[in-house]
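Visitor: Per the numbering used here, residue 789 is the first one in the sequence shown, and the count goes up by one each step.
Backbone N, C-alpha and C define an ideal beta-carbon position, used for all residues, glycine too.
Pasting a structure here, questions to come.
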Amino acid sequence: MLIKALEDSGWFIPIEREGFNRLLKEREIINETRKNNKSSQGESLPPLPPLLYAGILLEGGIISYDTNVVTGGFGAKYFGLGGHIEHRKDQVTIYLRAVSVESGKILKSVSTTKTILSKEVQLGIFRYVILRKLLEAETGLTTNEPPQMCVLEAIEKAVLSLIIEGVLDGIWALENPED
Numbered sequence: 789m790l791i792k793a794l795e796d797s798g799w800f801i802p803i804e805r806e807g808f809n810r811l812l813k814e815r816e817i818i819n820e821t822r823k824n825n826k827s828s829q830g831e832s833l834p835p836l837p838p839l840l841y842a843g844i845l846l847e848g849g850i851i852s853y854d855t856n857v858v859t860g861g862f863g864a865k866y867f868g869l870g871g872h873i874e875h876r877k878d879q880v881t882i883y884l885r886a887v888s889v890e891s892g893k894i895l896k897s898v899s900t901t902k903t904i905l906s907k908e909v910q911l912g913i914f915r916y917v918i919l920r921k922l923l924e925a926e927t928g929l930t931t932n933e934p935p936q937m938c939v940l941e942a943i944e945k946a947v948l949s950l951i952i953e954g955v956l957d958g959i960w961a962l963e964n965p966e967d
C-alpha cells in the first residue's frame, strides 16, 4: 500500500528491497549470460547498469488500531413496535518518517489518523394481532467502512503530509516554485 501511495504521489521512485536477494540473483544470471554470449557483430553484450540507490529511507507503519473509540445509539419501542440505531468509531494511526541515507538524520516525521465508522439501524415489531396470534418481525442494516480502505487512506494522507511538511520546511522543493 505504501509503495503504491509513493508512486501515485509522483514525488518518489520506490526501489525494490523486499526481494533484493532474488533481484541480485537474476541480475547475476543475466550478466553471466551476457558475458558468455556474443552479439550479432561478435562482441560481448554490455553488463547491466548499476542498481539505483536510495537517497532517503521511509520507515514507519501502523502504530495504533483502536476499537470502540466512540460508541452510542438510540432506541425506542411503543406497543411492541420500534427500532434502534447504533454507531461505532474505530481509529487507525500511521507513523511515517523520512531518513537521510547519507547522514542518518531524520528529515521529517508525520503521523496521521483515520476514523473507521460502523452504523446499524434495526426495526422490529412484536405484537399480538389477534388472540393467541403473535406477529414478530425484524429488519436491519449494518454498514461498515472497510478497514483496509481506511488504512490505505491513512497511508496516503501520511505520504501527502510528509510531502507538504517537507516542502514547507525546505527539505525538498517544488519543480515550479509558483505552485
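Excluding five sequence neighbours on each side, which residues of the same chain lie with their C-beta closer than 7 Å to the C-beta of LEU950?
Guide: Position 162 of the sequence shown, counted from the start, is the residue given in the question as residue 950. Excluding residues within five positions, the ones whose Cβ falls inside 7 Å are LEU884, ALA886, LYS896 and VAL898.
Visitor: Kindly identify the DSSP beta-bridge partner or partners of ASN932.
Guide: Stepping through the sequence shown from its first residue, residue 932 is reached at position 144. For ASN932, which the question treats as bridged, DSSP gives the partners SER906.
Visitor: For LEU845 and PHE800, what's the separation of their Cα atoms in angstroms?
Guide: For the purposes of this step, residue 845 is taken as the residue at position 57 of the sequence shown. For the purposes of this step, residue 800 is taken as the residue at position 12 of the sequence shown. Distance from the CA of LEU845 to the CA of PHE800, rounded to the nearest whole angstrom, comes to 11 Å.
Visitor: Among ARG915, PHE862, LYS877 and ILE850, which one has its Cα closest to the Cα of ASN856?
Guide: Stepping through the sequence shown from its first residue, residue 856 is reached at position 68. Of ARG915, PHE862, LYS877 and ILE850, the residue nearest in Cα terms is LYS877.
Visitor: So the beta strand (DSSP E) LYS823 belongs to, where does it begin and stop?
Guide: Indexing the sequence shown from 1 puts residue 823 at position 35. Where LYS823 is concerned, there is no enclosing beta strand (DSSP E), although the alpha helix (DSSP H) it sits in stretches over 808-824.
Visitor: Going by beta carbon distance, what residues of the same chain come within less than 8 Å of ILE803, once the five residues before and after it are set aside?
Guide: Position 15 of the sequence shown, counting from 1, holds the residue named residue 803. Contacts found: LEU839, LEU840, TYR841 and ALA842.
Visitor: Using alpha carbons as the reference points, say which of ASP854, HIS875 and TYR853 lies closest to PHE862.
Guide: Mapped onto the sequence shown, residue 862 falls at position 74. For the residues ASP854, HIS875 and TYR853, the minimum Cα distance to PHE862 belongs to HIS875.
Visitor: Just tell me which of ILE913, GLY848, GLN910 and PRO934 has its CA closest to the CA of VAL947.
Guide: Here residue 947 refers to the residue found at position 159 of the sequence shown. It is GLY848 whose Cα lies nearest to the Cα of VAL947.
Visitor: I'd like the span of the beta strand (DSSP E) that includes ILE801, first residue to last.
Guide: On the sequence shown, residue 801 is found 13 positions in, with the first residue counted as 1. Here ILE801 belongs to no beta strand (DSSP E), and DSSP marks it neither H nor E.
Visitor: Do LYS907 and THR927 have their CB atoms nearer than 9 Å?
Guide: Sequence index remark: in the sequence shown, residue 907 carries index 119 (1-based). Sequence index remark: in the sequence shown, residue 927 carries index 139 (1-based). No, Cβ-Cβ distance for LYS907 and THR927 is not below 9 Å.
Visitor: Between GLY830, PHE914 and GLY892, which has its C-alpha nearest ALA864's C-alpha?
Guide: Stepping through the sequence shown from its first residue, residue 864 is reached at position 76. The candidate whose alpha carbon is nearest that of ALA864 is PHE914.
Visitor: Please classify ILE851: is it buried, with 16 or more other beta-carbons within 10 angstroms of its beta-carbon, or exposed?
Guide: Within the sequence shown, numbered from 1, the residue matching residue 851 stands at position 63. With fewer than 16 Cβ atoms within 10 Å of its Cβ, ILE851 is classed as exposed.
Visitor: For a test of the three-state rule: what should DSSP assign to LYS865, helix, strand or coil?
Guide: Translated into positions along the sequence shown, residue 865 becomes position 77. Reduced to three states, the DSSP call for LYS865 is strand.
Visitor: Compute the Euclidean distance between the alpha carbons of GLU963 and ILE882, then round it to the nearest angstrom.
Guide: Against the sequence shown, residue 963 aligns to sequence position 175. Against the sequence shown, residue 882 aligns to sequence position 94. Their backbone Cα atoms lie some 28 Å apart in a straight line.
Visitor: Near PHE867, which residues of its chain fall below 7 Å by C-beta distance, leaving aside the five closest residues on each side in sequence?
Guide: For this step, residue 867 is matched to residue 79 along the sequence shown. Closer than 7 Å at Cβ, skipping near neighbours: ARG915.
Visitor: Using 10 angstroms around the beta-carbon of ALA925, count the other beta-carbons present and answer buried if the total reaches 16, otherwise exposed.
Guide: Working through the sequence shown from its first residue, we reach residue 925 at position 137. Label assigned to ALA925: exposed.
Visitor: Leaving out five residues before and five after GLY871 in sequence, what residues of the same chain have Cβ atoms less than 6 Å from its Cβ?
Guide: In the sequence shown, counting from the first residue as 1, residue 871 sits at position 83. These residues qualify, in order along the chain: GLN910 and LEU911.
Visitor: Rounding to the nearest angstrom, what Cα-Cα distance links TRP960 and GLU953 in this structure?
Guide: The count along the sequence shown starts at 1 and reaches residue 960 at position 172. The count along the sequence shown starts at 1 and reaches residue 953 at position 165. Taking the straight line from one Cα to the other gives about 9 Å.
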